[in-house]
Amino acid sequence: MLRQQIPIRGSVWEEGKAGWLEVDTVALCGGSVAGEFVWMVDGVDYATTWVEVRAMWGRGQAGTLEALRDVEASLPFDLLGLDSDNGGEFLNHHVMSWLQKRPRPVFMTRSRPYKKDDNPAVVDLINMLVKGAYGQLLT
Numbered sequence: 027m028l029r030q031q032i033p034i035r036g037s038v039w040e041e042g043k044a045g046w047l048e049v050d051t052v053a054l055c056g057g058s059v060a061g062e063f064v065w066m067v068d069g070v071d072y073a074t075t076w077v078e079v080r081a082m083w084g085r086g087q088a089g090t091l092e093a094l095r096d097v098e099a100s101l102p103f104d105l106l107g108l109d110s111d112n113g114g115e116f117l118n119h120h121v122m123s124w125l126q127k128r129p130r131p132v133f134m135t136r137s138r139p140y141k142k143d144d145n146p147a148v149v150d151l152i153n154m155l156v157k158g159a160y161g162q163l164l165t
């Protein structure tokens, strides 16, 4: 299983160096996750607190990869690592291939299962910016 191949965030990250992003998704669904709706892909650089947010329809692997590519293109520094929760929108072969098949591979790590406090930068961003702006539209 792919999830077992992706390490839990730890010693791989270079603390204090720009390029290490925490990423997550937020549903803009008005309180019901029935059907398709807009999701936000949120990325926060751990060292600089640089923020990138992208909207996508649904939470599929291809749409998430497209959003991540767009986020990377907007960064003022090189992407060195990506840390996500254990959701399938991030932990999949599309994203892993994109990160690894480049001249300088990008590290992928994940949080511990069922530990929401493992990605504090992106969780704080979601609570402050995204939920503040979209409030009742979120789950």
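Numbering (this note's numbering), first residue to last: 27 to 165.
For each residue, glycine too, the CB sits at the ideal point set by N, CA and C.
Let me know the secondary structure DSSP gives G42 once reduced to three states. Position 16 of the sequence shown, counting from 1, holds the residue named residue 42. In the structure shown, G42 sits in coil (DSSP, three-state: anything other than H, G, I, E or B).
Identify the continuous beta strand (DSSP E) that holds T68 and give its terminal residues. On the sequence shown, position 42 is the one that residue 68 refers to. Looking at the sequence provided, one finds Asp at residue 68 rather than Thr. Element bounds for D68: V64 to D71.
Express the C-alpha separation of T90 and E115 in angstroms, rounding to a whole number. If you number the sequence shown from 1, residue 115 lands on position 89. If you number the sequence shown from 1, residue 90 lands on position 64. Those two C-alpha atoms are separated by around 6 Å.
Burial state of S58 (16 or more Cβ within 10 Å): Residue mapping note: residue 58 aligns to position 32 of the sequence shown, counting from 1. Its Cβ having fewer than 16 others within 10 Å, S58 is exposed.
Could you check what DSSP says for W124 in three-state terms: helix, strand or coil? Taking the sequence shown and counting its residues from 1, one reaches residue 124 at position 98. The answer is helix: DSSP assigns W124 an H, G or I state.
I'd like the list of long-range same chain contacts for I32, defined as Cβ closer than 8 Å, with 5 residues on each side in sequence excluded. For the purposes of this step, residue 32 is taken as residue 6 along the sequence shown, with counting starting at 1. Only L117, M122, M134, T135 and R136 meet the Cβ criterion.
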